[in-house]
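Since the structure comes first, as structure tokens, the remarks are kept for the end.
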Amino acid sequence: MSSSILSVRVNAFEREMLVAAAEQAHASLSDFVRRKALEAAEMAVMERRAITIPAEDWERFEAWTESPAVEIPALKELVNRRPTWQK
1048 MSSSILSVRV NAFEREMLVA AAEQAHASLS DFVRRKALEA AEMAVMERRA
1098 ITIPAEDWER FEAWTESPAV EIPALKELVN RRPTWQK
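Each residue of the sequence shown is one higher than the one before, counting from 1048 in this note's numbering.
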């Protein structure tokens, strides 16, 4: 897999903060910034409110929404389980 350079401008305080955080994570500054940027990007994509369904998949999606619910025993058990922090 090839890589490319991404340049980001930060002020002195921001750089010091990033360097300190990278050191605490036992990572290089580059690896730390890349990992955190990717985590933030993933969250931004997952929080997206609008979902686009391609026209060719619409009928299949409608059929899925109209199909009867399927009971999943493992999920039912999980819902009824006491949270670990309450034990």
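In this text, a Cβ means the ideal position worked out from N, Cα and C, and glycines have one as well.
Just so we're clear, the structure is a prediction, and the values are computed from it rather than from any experiment.
Contact set for residue i: own chain, Cβ-Cβ below 6 angstroms, skip 5 residues either direction
i, result
"Ala1069", "Leu1076 and Phe1079"
"Leu1122", "none"
Coil, strand or helix - residue i by DSSP
i, result
"Trp1085", "Per the sequence shown, the amino acid found at residue 1085 is Leu instead of Trp. Residue state, collapsed to three classes: helix."
"Met1048", "coil"
Spatial neighbours of residue i in its chain, beta-carbon cut-off 8 angstroms, leaving aside the 5 residues before and after
i, result
"Val1055", "Val1080"
"Phe1108", "Ile1100"
"Gln1133", "none"
Extent of the continuous alpha helix (DSSP H) to which residue i belongs
i, result
"Pro1120", "Pro1120 to Asn1127"
"Arg1064", "Note that residue 1064 corresponds to Met in the displayed sequence, not to Arg. Ala1059 to Gln1071 is the extent of the alpha helix (DSSP H) around Met1064."
"Glu1106", "Trp1105 to Glu1113"
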